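Participant: In this text, residue positions in the sequence shown follow UniProt numbering: the first is 1, and each later residue adds one.
Where a beta carbon is used, it is the ideal one built from N, C-alpha and C, also for glycine.
Quantities reported herein were computed from a predicted structural model and do not represent experimental measurements.
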Amino acid sequence: MPGIVVFRRRWSVGSDDLVLPAIFLFLLHTTWFVILSVVLFGLAYNPHEACSLNLVDHGRGYLGILLSCMIAEMAIIWLSMRGGILYTEPRDSMQYVLYVRLGKGHPWGLLYAPPPNPVSRC
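(1) Helix or strand or just coil, what does DSSP make of Val13?
(2) Quick one: is Val13 buried, meaning 16 or more other Cβ sit within 10 Å of its Cβ, or exposed?
(3) Are there 16 or more other CB atoms within 10 angstroms of the CB of residue 123, so buried, or fewer, so exposed?
(4) What residues match up with Val6 in a beta bridge as DSSP calls it?
(5) Taking the runs of the alpha helix (DSSP H) that are 4 residues or longer, which of them lie wholly in the segment 63 to 91?
(6) If you draw a straight line from the alpha carbon of Leu28 to that of Glu49, how long is it in whole angstroms?
(7) Relative to the C-alpha of Asp57, which residue among Val5, Leu40, Ile71, Arg8 is closest?
(8) In terms of residue numbering, what span does the alpha helix (DSSP H) encompassing Ala22 cover?
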């Protein structure tokens, strides 16, 4: 079975081997998405407190990141199931989907970066 080429290197993992890890990540992120949605939209927050507003804003950003990761994982699942073992042309775009999925981890660092003001009342 041919390996996938990512970052100009050939890896021993084929692009058709990514179905089960992508399904596992999709189910895990869907669970997180549902729980966080219930917490954010099911509980009442005080709009006059800065801490509550920051918590809701961070939660909405986290929901956006989770949703974009779930979309990328569905694309990985769909692409991985195309073609055959030796017929890899339908999976040629898998490396680009993996680049996009890898780039989704970058906003995590921006989301939880320390605030510019070290004195916080929250």
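Facilitator: Taking the coordinates as given:
(1) For the purposes of this step, residue 13 is taken as residue 13 along the sequence shown, with counting starting at 1. In this structure, DSSP gives Val13 a state outside helix and strand, which the three-state scheme calls coil.
(2) In the sequence shown, counting from the first residue as 1, residue 13 sits at position 13. Val13 comes out exposed.
(3) Residue 123 lies beyond the residue range present for the chain, which begins at 1 and ends at 122; the question has no answer from this structure.
(4) Your numbering for residue 6 matches position 6 in the sequence shown. Residue pairing for Val6: DSSP places it in a beta bridge opposite Arg9.
(5) DSSP runs (the alpha helix (DSSP H)) wholly in the segment 63 to 91: none.
(6) Your numbering for residue 28 matches position 28 in the sequence shown. Your numbering for residue 49 matches position 49 in the sequence shown. The alpha-carbon atoms of Leu28 and Glu49 are separated by roughly 32 Å.
(7) In the sequence shown, residue 57 corresponds to position 57, counting from 1. Comparing Cα positions, the closest option is Leu40.
(8) Counted from its first residue, the sequence shown places residue 22 at position 22. Note, Ala22: alpha helix (DSSP H), 19 to 42.
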